[in-house]
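Okay, structure first, notes after.
In the numbering used here, the protein residues as written are 403 to 752.
Now the structure itself:
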């Protein structure tokens, strides 16, 4: 039973639900479930909550069975989360019937636009902070891959960045949905960001959350390497943001994460600018040594991190990665901000 409403942001409502006398915090997406009200019965999926996965501590509202949402009466025939009970039908920017179809039918080039590719969603605000530190206000877009959360509505970060004027919009691609624009593939998502949203800079990363198995190939962030290839195929300028950590308890993610080494070193076949943050001391030397093999395939670009810590502290959204804040894992955020700083030096006019 829904006992109360909490925070609300674009596409999502946080609610209190009582289950067998126990209070549970849940998240509803009104476009899928209808808008919850106190007193509503709610069907919940609590699997991730019970497993302790990193979903923000939420159960997810599947339906309000006594008050179903109205039948969809909108254009669009792209089905996302296909053949699941919660599949959503959306209007794709690239499909027939879209006002943008004519633009995207002919679009085939990113015109040298810099595109920062990152492993984790948490890099997004740091990349934008670094870009803005270098070039001032930048018309930026986020292209969200489907390796993490599928609904863009789950991200309070993207909603807040949009409200702050840091994002012109989000494009959800593949099986992800809920962006300002929808697209079938990463390729049309990139083209929509450039030619529909008018972005001069794009950040590509999976939605909140990610999946890893501790194996070389079994992690959702492997898509970062494929994203480098897509950017290059479309005539963009791929900028690879390294996943770096000085605080992660898992050795495979200390220094330069094996995710970055595999994605950029094995999967990315096109050349990218791999941004090497100029970190001091023994840890900086460790990062440099770990990244050196990537020079066989990519251009390593050393970028100063001077002043970026202060820029990150002024970010309009809280910074957190894998449960660690800015001061707990500063190197991670500096690496992402350095990628944004470098990308801003490559800006072209949209």
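Glycine included, C-beta positions come from ideal geometry on N, C-alpha and C.
So for residue 602, helix, strand or coil by DSSP?
Coil.
Looking only at its own chain, which residues have a Cβ that is under 7 Å from the Cβ of residue 500, when we skip the five neighbours before and after it?
For residue 500, where only same-chain residues beyond five positions count, the Cβ hits under 7 Å are 493 and 494.
Which partner residues of residue 556 appear in the DSSP bridge assignment?
DSSP lists no partner for residue 556.
Kindly identify the DSSP beta-bridge partner or partners of residue 608.
Looking at the DSSP assignment, residue 608 forms a beta bridge with 547.
Is residue 639 helix, strand or coil by DSSP?
Strand.
Under a Cβ-count criterion, where at least 16 other Cβ atoms within 10 Å of its own Cβ denotes burial, should residue 515 be classed as buried or exposed?
Classification of residue 515: buried, given that the 10 Å Cβ count is 16 or more.
Buried or exposed for residue 498, going by 16 or more other Cβ atoms inside 10 Å?
Label assigned to residue 498: exposed.
Have a look at the DSSP bridge pairing and note the partners of residue 701.
Paired residues: 675.
Using only alpha-carbon positions, find the residue among 643, 700, 690 and 683 that is nearest to residue 667.
Ranking 643, 700, 690 and 683 by Cα distance to residue 667 puts 700 first.
Determine the burial state of residue 534: buried for a count of at least 16 other Cβ atoms within 10 Å of its Cβ, exposed for fewer.
Counting Cβ neighbours within 10 Å, residue 534 comes out buried, since at least 16 surround it.
Comparing the CB of residue 707 with every heavy atom of the ligand MG, is any distance shorter than 7 Å?
The ligand MG is not part of this structure, which contains no ligands at all.
Nearest by alpha-carbon distance to residue 578: which of 541, 698, 489 and 657 is it?
Among 541, 698, 489 and 657, the Cα nearest to that of residue 578 is on 489.
Look up residue 415 in the DSSP assignment and give the residues it is bridged to.
For residue 415, which the question treats as bridged, DSSP gives the partners 410 and 430.
Thinking just about the alpha-carbon of each residue, which of 706, 679, 708 and 683 is nearest to the one in residue 694?
Minimum Cα distance to residue 694 is reached at 679.
Please list, in chain order, all residues of the same chain as residue 459 whose beta carbon is under 8 Å from its beta carbon, the five residues on each side excluded.
Result list for residue 459: 427 and 451, in chain order.
Since residue 584 sits in a beta bridge, which residues does DSSP pair it with?
Note: residue 584 sits in a beta bridge opposite 494 and 574.
So is residue 568 buried or exposed if we call it buried at 16+ other beta carbons inside 10 Å?
Classification for residue 568: buried.
Give me the Cβ distance between residue 626 and residue 521, rounded to the nearest whole Å; I'm assuming they're in contact under 8 Å.
Yes, residue 626 and residue 521 are in contact; Cβ-Cβ is about 5 Å, under 8 Å.
Using C-beta distances below 6 Å, list every residue in its chain close to residue 639, excluding the 5 sequence neighbours before and after it, in chain order.
514, 516 and 748.
State the start and end residues of the unbroken beta strand (DSSP E) segment that holds residue 465.
Residue 465 -> beta strand (DSSP E) spans 461 to 465.
DSSP three-state call for residue 405: helix, strand or coil?
It is a strand residue.
Mind reading off the beta-carbon distance from residue 419 to residue 483? Whole number of angstroms is fine, and I expect it under 8 Å.
With a Cβ gap of about 22 Å, residue 419 and residue 483 do not count as contacting.
With H, G and I counted as helix, E and B as strand and the rest as coil, what does DSSP make of residue 613?
Coil at residue 613, not helix or strand.
Sorted by chain position, which residues of the same chain lie with C-beta nearer than 8 Å to residue 422's C-beta, five sequence neighbours on each side aside?
There are no such residues.
Whether or not the region 503 to 512 and the region 535 to 542 are in contact is what I'm after, with contact meaning three or more pairs of Cβ atoms, one per stretch, closer than 8 Å; do they touch?
At 8 Å Cβ cutoff, the stretches do not touch.
Throw me the rounded Cβ distance for the residue 714 and residue 448 pair, which I believe falls under 8 Å.
In fact, because the Cβ distance is near 35 Å, the residues do not count as touching under 8 Å.
Count the other CB atoms, across all protein chains shown, that sit within 10 Å of the CB of residue 643; report buried if there are 16 or more and exposed otherwise.
Label assigned to residue 643: buried.
Going by beta carbon distance, what residues of the same chain come within less than 7 Å of residue 584, once the five residues before and after it are set aside?
Closer than 7 Å at the Cβ level, and outside the excluded window around residue 584, lie 480, 492, 493, 494, 495 and 574.
Between residue 641 and residue 434, what straight-line distance do the alpha-carbon atoms span, to the nearest angstrom?
Between residue 641 and residue 434, the C-alpha separation is close to 35 Å.
Measuring only the C-alpha atoms, how far is residue 681 from residue 733?
If you take the alpha carbons of residue 681 and residue 733, they lie about 8 Å apart.
Just checking my contact of residue 412 with residue 561 at CB under 8 Å: how many whole Å lie between their CB atoms?
At roughly 4 Å, the Cβ-Cβ gap stays under 8 Å, so residue 412 and residue 561 are in contact.
Quick one: residues in its chain with C-beta nearer than 8 Å to the C-beta of residue 445, no 5 flanking neighbours on either side, listed in chain order?
Hits under 8 Å: 463, 464, 465, 466 and 467.
For my contact list, residue 542 and residue 601 are in at a C-beta cut-off of 8 Å; report their separation, rounded to the angstrom.
At roughly 6 Å, the Cβ-Cβ gap stays under 8 Å, so residue 542 and residue 601 are in contact.
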